[in-house]
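What the sequence shown shows, in the working numbering, is residues 807 to 1257, in sequence order.
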Amino acid sequence: MSEATRVPRPIPLATKPRPRAAGRPGSGKTACIRTFGCQMNVHDSDRMRRMILDAGYAEVNAYEDADIVILNTCYVRENAVDRVRGHLGELNRLRKEGRVKKVALTGCIGAAEESETLRRQFGIDLVLGTHNTYELAEFVGLPTMEETYTPDLPGTEGEHAAFVTIMTGCNYQCSYCIVPTVRGRMVCRSKESVLSEVDRLVASGTRYVTLLGQTVDAWRHEGDRFCDLLEAVADRAPRVSFTTSHPSNMEDRTLEAIGQKDTIVKRLHLPVQSGSDRMLRVMHRGYKAERYRRKIGVFREAAPDGTLSTDIIVGHPGETEEDHEATLGLVEDCAFDSAYVFKFSPREGTEAASLGEVVPPKVAQRRFLEVLRAVEGNAFARNQRKIGGTEEVYVRHGANEDGRAIGETWSGHAVHLRTEATPGEYVRVAIESAGPHVLYAGDPLVETGSG
Ligand code: 5AD
Ligand code: SF4
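Take a look at the structure:
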C-alpha cells in the first residue's frame, strides 16, 4: 500500500505520459521520461524533454519502445525509492532482452549518496543530481551547453499551462526532510528573468502560469518580496497560481492579494505538518499552531470561497497521543479542502532518522487514518456547499475516451465535466454533485471562449 494516501489537489503531481511527440524526422531514435514526485520534478522533466527532442529523439510512453529511458526521481520518502527500484529492475530485464539501450537516473535520488549503490546494482549509464541536469544534453548527443538548459529557460513554451521556477532549494532544516540535502540552499531567480519568461510564455499562448519552488513565499530579490513578484506576474498572465509555501514566510498581504487580484486562483497550499506546538518545535518548523490558524483566518477572510490544502506528517518520532489530538483539532479548525497526509518515513541523513521514541507502525497507521478521515469529512462538507452553483471552469485536461474532462474553478476546486472544449478554454457549468475530492458538473451552460 502506498505510504501516503493522497487527497488529490487540482494540479496533478506527476506528468501523465505524453503521446508520441515528434522528434526530428528520420532519426528513429526514441526516449521515454518517467517522472516521480513533485512539481519541481515535473518541470525538470519538461526541460529534459526539450533536450531529447532537440537531440532528435521521439518521445514514447512505454519502456519497451524506448532506446533511452530517463527516470526523474523523488527521494522524499522511502516508498519513493522502492518504486524506483522496481522500475530499475524492469529496465534491467528489458536491457538484457536488447530493447532498452541506456538508462539515466536523474532528480533527487540522483543527488543522494544512495544513487551510487543503485548505479552499481542496476548498471545505470548516467546518474545526475538536481543541479547538473544540463549534463543530460551530452548524454543524448547534443553539444555540452550548460547555459542553454538552466532553470532560467522556459520548458513548456506554447502549452496552455506552464510552470515557472522562481526559486530552487530550501533554507529550512526541517527535522524529517531530505530536500535541503538534495536540492541545496535557496537560490532566487531575478524578477526580470521571471517576468520576461512569463511574457514569453503568454505571447506563445500560455494561459495559466504556476510559480514554482520549495518555499515560493521565501522568494526575495533586490528589495522585492514574493508578494511583489506575484502581483507583477498576475498583471501579465491571465491565470496564476503558486506552490509550495511555508507558514513562516507567508505574509498577510500575499493572502490578501490572492483575494483581490482577479487573475490569481483562490487556492492556498500551506503545509502545516502538525497541529502540536511541541512537535512543530521538534520539527524545527519555526511557527506555532496559533500563528498558522491566524494566517488561515486571513486567507479565509480574503477569499471566503477559496480552497485551502496542506501537508501533514503523522508518526514523527516522539509524537504522543496528545500531539495527535492537537493535529486533529487543527484539522477541524482549519477545515482543509484537501490534504496530503504522510506517515513519517525516516530518511538517512536527516535529524529525525536518528531520534528515539519511534512511533509503532500500528499506532502511526491508526493516526494516519484518523487524520485522513477528518480531512475528508471537512472537504466533503465544504464541497457539498458548491452544489447548485454556477462556475467558470478552466479546462485543464480535455475529454478522455469516456468524454470526461477535468477543470478547475477560480476557487481552485477540481471539477469533472463533459465538454468538447480544449485545455486552456473556459466553460460555464452548474455543479450537480460533489465528493470529498472533486465537484461534478452537468453539461456546459455557455462556452465562454478562452477568457
Ligand atoms: N516522512 C514523511 N513525510 C515527509 N515529507 C517530507 N519528508 C517526509 C518524511 N521524511 C512530506 C512533508 C512535505 C511533503 C512534500 O512531504 O509533509 O511537506
Ligand atoms: Fe523540506 Fe522543510 Fe524545506 Fe519544506 S521547508 S522543503 S519540509 S526542509
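Just so you know, even glycine gets a beta-carbon here, dropped at the ideal spot from N, CA and C.
Here the structure is a predicted model, which is why all the values come from computation and not from measurement.
Leaving out five residues before and five after residue i in sequence, what residues of the same chain have Cβ atoms less than 8 Å from its Cβ?
i	result
G947	A861 and G862
A828	With a pLDDT of 42 at A828, under the threshold of 50, the modelled position of that residue is not reliable, and no figure is offered here.
A1205	A1211, R1224, T1225 and E1226
F1142	L1114, S1115, T1116, V1181, N1184 and A1185
P1229	H966, A967, V1201, R1202, H1203 and G1204
V1137	G1081, I1118, A1145, V1177, A1180, V1181 and N1184
Sorry if obvious, but does the Cβ on residue i come closer than 8 Å to a heavy atom of the ligand SF4?
i	result
Q1066	no
H966	no
H849	no
C976	yes
P781	Residue 781 cannot be examined here, being either before or after the span of the chain that is shown, 807 to 1257.
C980	yes
T1050	yes
Q1020	yes
V985	yes
Please work out which residues of its chain come closer than 6 Å, Cβ to Cβ, to residue i, disregarding the five sequence neighbours upstream and downstream, and give them in chain order.
i	result
G843	C880
E953	Confidence at E953 is low in this model, with a pLDDT of 46, below 50, so the placement of that residue should be treated as unreliable; the coordinate-derived value is given next. There are no such residues.
R995	I972
P1123	A1158, L1161, E1163 and V1164
F1150	I1119, G1121 and H1122
A1132	G1081 and S1082
H1130	R1173
Y1098	P1053 and V1078
G1065	A1108 and A1109
Just to confirm the assignment, what range does the beta strand (DSSP E) spanning residue i have?
i	result
V1201	T1196 to H1203
K908	K908 to G913
S1115	T1113 to V1120
E865	Y863 to E865
C838	K835 to T841
A1236	Y1232 to A1240
V970	A967 to T971
S1144	S1144 to K1149
L1017	Y1014 to L1018
L1074	R1073 to H1075
H1219	Where H1219 is concerned, there is no enclosing beta strand (DSSP E), given that its DSSP letter is neither H nor E.
N878	I874 to T879
Y982	Here Y982 belongs to no beta strand (DSSP E), and DSSP marks it neither H nor E.
Tell me which same chain residues have a C-beta within less than 7 Å of the C-beta of residue i, skipping the five on either side of it?
i	result
E761	Absent from the model: residue 761. The displayed extent of the chain is 807 to 1257, so no value can be given.
R1091	C980 and Q1079
D931	K908, V909 and A910
T1156	S981, Y982, C983 and I984
G1209	R1224
V890	F842, L877, T879 and I915
L1035	I972, K997, V1000 and W1025
S1239	I1193 and Y1246
D1249	R1224
S851	T821, I839, T841 and N878
Under the assumption that residue i contacts residue j (Cβ atoms under 8 Å), give the Cβ distance between them as a whole number of angstroms.
i	j	result
R1045	V1008	Contact doesn't hold; Cβ gap of about 10 Å is too wide.
T1016	E965	T1016 to E965, Cβ: 12 Å. No contact.
C1033	T1060	4 Å
Y1232	V1199	7 Å
A872	V906	6 Å
T1049	H1075	5 Å
S1047	R1073	6 Å
Can you check whether the C-beta of residue i is within less than 9 Å of a C-beta belonging to chain D?
i	result
E1127	Any reference to chain D falls outside this structure, which holds one protein chain only.
From which residue to which residue does the alpha helix (DSSP H) around residue i run?
i	result
Y1169	Strictly speaking, residue 1169 in this sequence is Val, with Tyr absent from that position. Its alpha helix (DSSP H) spans residues P1167 to Q1190.
T939	T939 -> no alpha helix (DSSP H), and no H or E assigned at all.
V1004	K997 to A1009
G895	E884 to K902
R1097	A1095 to A1108
N847	Q845 to D860
V1039	F1032 to R1042
R989	V985 to R989
V1137	E1127 to C1140
E920	E920 to F928
E1062	D1058 to Q1066
R1091	Segment: none, R1091 is in no alpha helix (DSSP H) and carries neither H nor E.
task = Output the residues surrounding the ligand 5AD, defined as those with a CB atom closer than 6 Å to any ligand heavy atom, in chain order.
result = V882, R883, Y982, C983, P1077, Q1079, D1117, I1119, F1148, F1150, S1151 and R1153
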